[in-house]
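Contents: one structure, followed by commentary.
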Amino acid sequence: MLHFLTRRRPAPRAKARLSRRGFLLSSALASVAVASLGHGTAWAGPALGPDAAATLLRMTQDIYPHPTLVEPEHYQAIADALMTEAETDAEVKTLLADGLTALDAQATALHGSAFAAVADADAREALLRAVQHGAFFQKIRWATYFGIYDNKALWARFNYEGSSWEEGGYADRGFSDITWVPQGPSEADRLAAVQ
Amino acid sequence: MTQFDLNDDSLVVIVGSGAGGGTLANELAQKGIKSVVLEAGKPYTQDDIENDEWGMFNKISWLDKRISAGGWHHAVNHPGLPAWIVKGYGGSTIHWAGVALRFKEYEFKTRSTYGDMADANLEDWPLSLAELTPYYERAELKMGVTGKTTGMPHLPWNNGFRVLAEGARRTGRSNIASGPMAINSVDRDGRPACQQIGFCMQGCKVGAKWSTMYTELPRAVETGNCEIRTDCMVLKIEHDAQGRASGVLYADAAGNQHLQKARVVCVAGNSIESPRLLLNSASSLFPDGLANSSGQVGRNYMCHTTAGVYAAMPEKVRMYRGTSVAGIVADEVRDDPTRGFRGGYHLEFLSLGLPFLAAFLEPGNTGWGRRTAEAMEQYGNMSGVWVCGEDMARADNRITLHATERDQYGLPVPVVTKTPHNNDHAMTADACNVTGEIYDAVGAKAIYNLPAYPASHNMGTNRMSADPTRGVVNAQGQSHDVANLFVSDGSQFTSSSAANPTLTIVALAIRQAESIAAKMTAREI
Chain A
1 MLHFLTRRRP
11 APRAKARLSR
21 RGFLLSSALA
31 SVAVASLGHG
41 TAWAGPALGP
51 DAAATLLRMT
61 QDIYPHPTLV
71 EPEHYQAIAD
81 ALMTEAETDA
91 EVKTLLADGL
101 TALDAQATAL
111 HGSAFAAVAD
121 ADAREALLRA
131 VQHGAFFQKI
141 RWATYFGIYD
151 NKALWARFNY
161 EGSSWEEGGY
171 ADRGFSDITW
181 VPQGPSEADR
191 LAAVQ
Chain B
1 MTQFDLNDDS
11 LVVIVGSGAG
21 GGTLANELAQ
31 KGIKSVVLEA
41 GKPYTQDDIE
51 NDEWGMFNKI
61 SWLDKRISAG
71 GWHHAVNHPG
81 LPAWIVKGYG
91 GSTIHWAGVA
101 LRFKEYEFKT
111 RSTYGDMADA
121 NLEDWPLSLA
131 ELTPYYERAE
141 LKMGVTGKTT
151 GMPHLPWNNG
161 FRVLAEGARR
171 TGRSNIASGP
181 MAINSVDRDG
191 RPACQQIGFC
201 MQGCKVGAKW
211 STMYTELPRA
221 VETGNCEIRT
231 DCMVLKIEHD
241 AQGRASGVLY
251 ADAAGNQHLQ
261 KARVVCVAGN
271 SIESPRLLLN
281 SASSLFPDGL
291 ANSSGQVGRN
301 YMCHTTAGVY
311 AAMPEKVRMY
321 RGTSVAGIVA
331 DEVRDDPTRG
341 FRGGYHLEFL
351 SLGLPFLAAF
361 LEPGNTGWGR
371 RTAEAMEQYG
381 NMSGVWVCGE
391 DMARADNRIT
401 LHATERDQYG
411 LPVPVVTKTP
421 HNNDHAMTAD
431 ACNVTGEIYD
441 AVGAKAIYNL
451 PAYPASHNMG
461 TNRMSADPTR
471 GVVNAQGQSH
481 DVANLFVSDG
491 SQFTSSSAAN
501 PTLTIVALAI
511 RQAESIAAKM
521 TAREI
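Line order of the protein sequences matches chains A and B.
The opening residue of the first sequence carries number 1 in full-length UniProt numbering; numbering runs sequentially from there.
The opening residue of the second sequence carries number 1 in full-length UniProt numbering; numbering runs sequentially from there.
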């Protein structure tokens, strides 16, 4: 899983993270998990409180901002999944609660308002850059990464089509269909080249 | 499948089922020589292959604990994943993209060609291109490599490669081709022609790309001369009082340990596991590790001088449609010291899917924010290159055993230490500049340079040398110290060249099988 690429972590905890990460992989999966736990959707309050929820949502939008490509509900689903995780995992709850509180405190100290209410995107990015190497930020960063770029529901927005073998690949579906650069060599040319 | 007895000491025991081990097993089996292949990973089949980057990464990658150390960026950004290889039936031939390039003559002779390069530990292969050429041809016929040996045309050019090729042409380059690839361009050898699916590095769903998973391994088993045991992690090579390899201790899926006796042992676990196994097999007779009188076991770790270069073009490209490495620009593969570095590099078109490009565009903690997001919105317009350049051998770039950390098998965790040579830095800079010029020539709007990915090309850690004090094995891959111990994978490479290693691994395995058969017949081993 991605933490192999990005973090040093003692083995037992790494294992626990791995199983939890699976749950973050798509918002659809997260919803199923929430429903099965009987929490419905009105759970954000009890875990971390509405201020924290607003800060968390704004963070996901600032980490991978696609204001015209990705609707707010997709960011909301990522934030919701994190909040759900915080409900069932005390360690995650502490990580998120402390991190969000500290971020809002720093935003207030520097800009006079909570993080989500800081209007200047550069100022918000600067607040996040200051904490980007910590576990709190990276937890939210990778959840957002998976929720945006490994989310099949969003791939078409980025002109990515995903799995193709079921359709017979692209041999007859445009693997070489652009017209603004010359064609490659013909089959006869390619055959002649290897004789 | 034939089953051999643990006490059968007439067998060749092969550690690993990838390009080296899988090929060797089949070559021996076709000659009537019996072998047991011990594969650490699971028994995957083509049904397990998905067109899903993270899904396959999590399913097949070698994710046992490893530590990146040294001055490369992996030590910061990929601390637990120095290499991106496969743990499973077929090894990294599931993951490889199919590029089947031969070495150039000068690339076998780096020490005599480049001279006494400071801070490097260069050595000549005890082999020439002329000696290896017949085996390259046999490897190309076996694998189904497009080109003159098979007569199979190179694959048709996809969108992404056409963009790169046009930029290369406009900047005066001419060595531009969609091969040689070990991917069928026509139906051949019971495998279909490529369907331009993409996802070559997640495993070929239809089997157009050569992999030992559905060629060498089942063919070896069909002869009745080969047994393949999956989920079997080799812990140690045992030897007798005379210092000859006598068997292999391994752990099965349940963790139970077994000793498989052997007449000959062949190590093909890739360039981290193979030296690690020799180091872990230290004994009172071999206190520095088995076959390590030279002190070179684990040293000279090479993984190619690389970078990624992705260009956002003014119009749609959809680079993911079609083979992942759809073509190669080879004009820069030459030794021209006036460029400020020795050796050369290939520019290999490489598509990444949306998830992987977003992860590798800027690896590590900092790859987020508006710059990354804006780049990803250009995904559909991108074409990209993976640079495959010669990486200079350095003695201190090496695999060592961690003093205290143990893995799930109780073995010391391997530490992979690499600090690039200054030659690598100069070559990388040149390759990024050249690729930028190529994409600029076709109107690139933005160009993104990516650092090296976790290494899929791992070489050099049990290197060949005619001189037993400078290398671990001879020109047949046979240990200088232990006559019935062979190294059968890329760890025997003396230099890295600018060529992807698999074709050379396969050619060497075919050659080694002949050597083993002859030595067994002559009762030398």
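Think of the CB as a built atom: it goes at the ideal place given N, C-alpha and C, for glycine as much as any other residue.
| request: Would you grab the beta carbon distance between residue 399 of chain B and residue 385 of chain B for me? Rounded to a whole angstrom, and I think it's under 8 Å. | output: Cβ-Cβ separation between residue 399 of chain B and residue 385 of chain B: approximately 29 Å, too far for a contact (criterion under 8 Å).
| Interface flag, residue 251 of chain A vs chain B, CB-CB below 9 Å | No statement about residue 251 of chain A is possible, as the shown extent of chain A runs from 1 to 195 and does not include it.
| field | residue 37 of chain A (DSSP reduced to helix, strand or coil) | value | Reliability fails at residue 37 of chain A, whose pLDDT of 36 lies under 50, so the model's placement of it is uncertain and the value that follows must be treated cautiously. Helix at residue 37 of chain A.
| For a contact meaning CB atoms closer than 8 Å, what does residue 125 of chain A contact in chain B? | Going along chain B in sequence order, the residues near residue 125 of chain A (Cβ under 8 Å) are 369 and 370.
| Proximal residues, the region 69-82 of chain A versus chain B, C-beta separation under 7 Å | Within the region 69-82 of chain A, the residues whose Cβ lies closer than 7 Å to some Cβ of chain B are 69, listed in chain order.
| request: Assign residue 512 of chain B to buried or exposed, taking buried as 16 or more other Cβ atoms, counted over all protein chains shown, within 10 Å of its Cβ. | output: Buried is the call here.
| field | Contacts around residue 43 of chain A, its chain only, beta-carbon distance under 8 Å, and the 5 residues preceding and following it disregarded | value | Only weak support exists for where residue 43 of chain A lies, its pLDDT of 41 falling under 50; the value from the coordinates is given anyway. If you ignore the 5 residues before and after residue 43 of chain A, its C-beta comes within less than 8 Å of the C-beta of 34, 83, 84 and 87, all in its own chain and listed in chain order.
| Rounded C-alpha distance that separates residue 413 of chain B from residue 171 of chain B | Roughly 47 Å between the two C-alpha positions.
| said: Just to confirm the assignment: which complete alpha helix (DSSP H) runs, minimum length 4, are found wholly within the region 116-141 of chain A? | reply: DSSP runs (the alpha helix (DSSP H)) wholly in the region 116-141 of chain A: 121-129.
| Any C-beta of chain B under 9 Å from that of residue 153 of chain A | For residue 153 of chain A, the answer is no, since every Cβ of chain B falls outside 9 Å of its Cβ.
| message | Checking the sheet assignment: what are the DSSP bridge partners for residue 386 of chain B? | response | Residue pairing of residue 386 of chain B in beta bridges, as defined by DSSP: B:308 and B:348.
| request: Determine, using beta-carbon pairs with one atom in the region 112-130 of chain B and one in the region 54-71 of chain B, whether at least three such pairs fall under 8 Å. | output: At 8 Å Cβ cutoff, the stretches do not touch.
| said: Please identify the residue among B:302, B:505, B:165 and B:520 whose C-alpha is closest to the C-alpha of residue 135 of chain B. | reply: Distance check between residue 135 of chain B and each of B:302, B:505, B:165 and B:520 places B:505 closest, using alpha-carbon atoms only.
| task | For the beta strand (DSSP E) containing residue 486 of chain B, list its first residue and its last residue. | result | Residues 485-487.
| Within the 9 Å Cβ cut-off, does residue 128 of chain B reach chain A? | No, residue 128 of chain B does not count as interfacial toward chain A.
| query | Are the C-beta atoms of residue 174 of chain A and some chain B residue less than 9 Å apart? | reply | Yes, because at least one Cβ of chain B sits closer than 9 Å to the Cβ of residue 174 of chain A.
| request: Mind checking who residue 449 of chain B pairs with in its DSSP beta bridge? | output: Partner(s): B:309.
| query | If we cut at 9 Å on Cβ distances, does residue 161 of chain A have a partner in chain B? | reply | The C-beta of residue 161 of chain A comes closer than 9 Å to at least one C-beta of chain B.
| Reduced DSSP category for residue 46 of chain B - H, G, I as helix; E, B as strand; rest coil | DSSP places residue 46 of chain B in helix when its eight states are reduced to three.
| task | Identify which residue in B:189, B:43 and B:65 has its Cα closest to the Cα of residue 405 of chain B. | result | In terms of CA proximity to residue 405 of chain B, B:65 leads the group B:189, B:43 and B:65.
| query | Between which two residues does the alpha helix (DSSP H) carrying residue 233 of chain B extend? | reply | Here residue 233 of chain B belongs to no alpha helix (DSSP H); instead the beta strand (DSSP E) covers 233-239.
| message | According to DSSP, simplified to helix, strand and coil, what is residue 160 of chain B? | response | DSSP places residue 160 of chain B in the helix class (H, G or I) of the three-state scheme.
| said: Quick check: what's the CA-CA separation for residue 42 of chain B versus residue 88 of chain B? | reply: Going from the Cα of residue 42 of chain B to the Cα of residue 88 of chain B covers about 5 Å.
| query | Leaving out five residues before and five after residue 9 of chain B in sequence, what residues of the same chain have Cβ atoms less than 8 Å from its Cβ? | reply | Within the same chain, residue 9 of chain B has close Cβ partners 246, 247, 261, 262 and 263.
| Can you tell me the Cα-Cα spacing of residue 285 of chain B and residue 483 of chain B, whole angstroms? | In a straight line, the C-alpha of residue 285 of chain B is about 15 Å away from that of residue 483 of chain B.
| field | Three-way DSSP call (helix, strand, coil) for residue 197 of chain A in this model | value | The displayed coordinates of chain A run from 1 to 195. Any statement about residue 197 of chain A would go beyond what the structure contains.
| 8 Å Cβ cut-off: residues of chain A touching residue 154 of chain B | At a C-beta separation below 8 Å, residue 154 of chain B has these neighbours in chain A: 190, 193 and 194.
| task | Out of A:181, A:163 and A:69, state which residue places its alpha-carbon closest to the alpha-carbon of residue 157 of chain A. | result | In terms of Cα proximity to residue 157 of chain A, the closest of A:181, A:163 and A:69 is A:69.
| request: Check whether the Cβ of residue 451 of chain B lies closer than 9 Å to any Cβ atom in chain A. | output: Taking Cβ atoms only, chain A never reaches closer than 9 Å to residue 451 of chain B, which makes this a no.
| task | Would you identify the three-state DSSP class for residue 20 of chain B, choosing helix, strand or coil? | result | Collapsing the DSSP output to three states places residue 20 of chain B in a helix.
| said: Along the region 427-456 of chain B, where does the CB come closer than 7 Å to a CB of chain A? Name the residues. | reply: Those residues of the region 427-456 of chain B placed with their C-beta closer than 7 Å to a C-beta in chain A are 442, ordered along the chain.
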